[in-house]
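So the mapping is simple: the numbering used here equals the position in the sequence shown, first residue as 1, plus 3.
Step one of this worksheet: look at the structure below.
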Amino acid sequence: MSSGYDRVVQPAAGDEALENHLGGDEAKNYRQYEFDMVAPHVGRSMLEIGSGLGHFAEQFLPRLDRLVVSDFDPYCVEQLEKRFAGRDDIGVLQFGLPTDIPLADKVDTVVLMNVLEHIEEDDEALRSLARVTQPGGRIIIWVPGYPQLYGDFDRKVGHVQRYTPKTLGRTVAKAGLDVEVLKPINFLGGIAWWAAVRRGGVGYPDPRLVKVYDRTVVPLTRLIERFIRPPFGQTVFCVARVPQQ
4 MSSGYDRVVQ
14 PAAGDEALEN
24 HLGGDEAKNY
34 RQYEFDMVAP
44 HVGRSMLEIG
54 SGLGHFAEQF
64 LPRLDRLVVS
74 DFDPYCVEQL
84 EKRFAGRDDI
94 GVLQFGLPTD
104 IPLADKVDTV
114 VLMNVLEHIE
124 EDDEALRSLA
134 RVTQPGGRII
144 IWVPGYPQLY
154 GDFDRKVGHV
164 QRYTPKTLGR
174 TVAKAGLDVE
184 VLKPINFLGG
194 IAWWAAVRRG
204 GVGYPDPRLV
214 KVYDRTVVPL
224 TRLIERFIRP
234 PFGQTVFCVA
244 RVPQQ
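The following block contains the structure:
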């Protein structure tokens, strides 16, 4: 069975990889937004899929007993091994989904940040992850939202699709998982993305605009989402549970 990663069209991995367009110093508020959304659902042992250079996973170390980072890209795996060298509580794996993941001891949490949208056999990918997750454990999924926002950027980084809560929920259910949280987030970001990338025809976000977006749109979005559930967003966020045996 071929991996959806085989279809990824992506530049050389590293700090400037397209997928990390909001991962640099220009977007500290957005990075904090990601962490604050995910952290409440993370247990004591975590497997991250598509860890890149390890910046996101590293933030969870103070609350974890065990961390496993992983990536499909050989360069990223090499950098992860260097970053976490000498840490007995941190493992590094290389694989592409769907597959039998070489993990001897199951974890209570799996995190996928902007990964599932690359994989055509997305339900099979989730089944692969469920097999290495403890019964009752969580699989946390962060994916780009809404087909209306699909543009040149998505094609450049190898996105097979963008999700809605309905389509992601269908994939999660097909994988045999239970939905705990499923909602669109980053409402204002979705509008900004549509204006810049779809309506404006921009193939790649301008770093200068990313900085403005991070300083203004992200804090306002977080404030709004404290009080209302947005009907639409740049991202769809899901927390899925592995059924108790």
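Yeah, the Cβ is synthetic: ideal placement off N, Cα and C, and Gly gets one too.
- For the pair of segments examined, the segment 72–85 was found to touch the segment 41–57: the number of CB pairs separated by less than 8 Å reaches three.
- In this structure, the CA atom of residue 30 is about 8 Å from the CA atom of residue 216.
- Here residue 166 is bridged, per DSSP, to 148.
- Given a length threshold of 3 residues, each whole run of the beta strand (DSSP E) inside the segment 47–131 is given here in chain order: 48–52, 69–74, 93–97 and 110–116.
- Residue 30 sits in a helix when the DSSP states are folded into three classes.
- Listed in chain order, the non-local C-beta contacts of residue 60 below 7 Å within the same chain comprise 51, 54, 70 and 72, local neighbours out to five positions each way being set aside.
- CA-to-CA, the gap between residue 124 and residue 32 works out to about 33 Å.
- Boundaries of the beta strand (DSSP E) harbouring residue 244: 238–244, taken from the DSSP string.
- Contact between residue 188 and residue 171 does not hold, since their C-beta atoms are separated by about 12 Å, which reaches or exceeds 8 Å.
- Looking at the DSSP output, residue 141 bridges to 112 and 244.
- In the three-state reduction of the DSSP assignment, residue 231 falls in the coil class.
- When secondary structure is reduced to three states using DSSP, residue 182 falls in the strand class.
- Annotated as proximal: residue 238 and residue 148, with beta-carbon spacing under 9 Å.
- The C-beta distance from residue 103 to residue 48 rounds to 19 Å, too long to meet the 8 Å contact threshold.
- A contact between stretches requires three or more CB pairs, one per stretch, nearer than 8 Å, and the segment 118–134 meets this requirement with the segment 175–183.
- Within the DSSP secondary-structure output, residue 222 pairs in no beta bridge.
- Counting the other Cβ atoms within 10 Å of the Cβ of residue 240 gives 16 or more, which makes it buried.
- Nearest Cα to residue 64 within the set 43, 92 and 37: 92.
- Per DSSP, residue 134 lies in no alpha helix (DSSP H) and is assigned neither H nor E.
- Annotation for residue 115: 52 and 144 place their beta carbon closer than 6 Å to its own, counting only its chain and skipping 5 residues before and after.
- Rounded to whole angstroms, the Cβ separation of residue 242 and residue 44 is 5 Å, and the two are in contact under 8 Å.
- Contact check for residue 150 and residue 165: beta-carbon distance about 5 Å, within the 8 Å limit, so the pair qualifies.
- Looking at 140, 194 and 99, the one whose alpha-carbon comes closest to that of residue 181 is 140.
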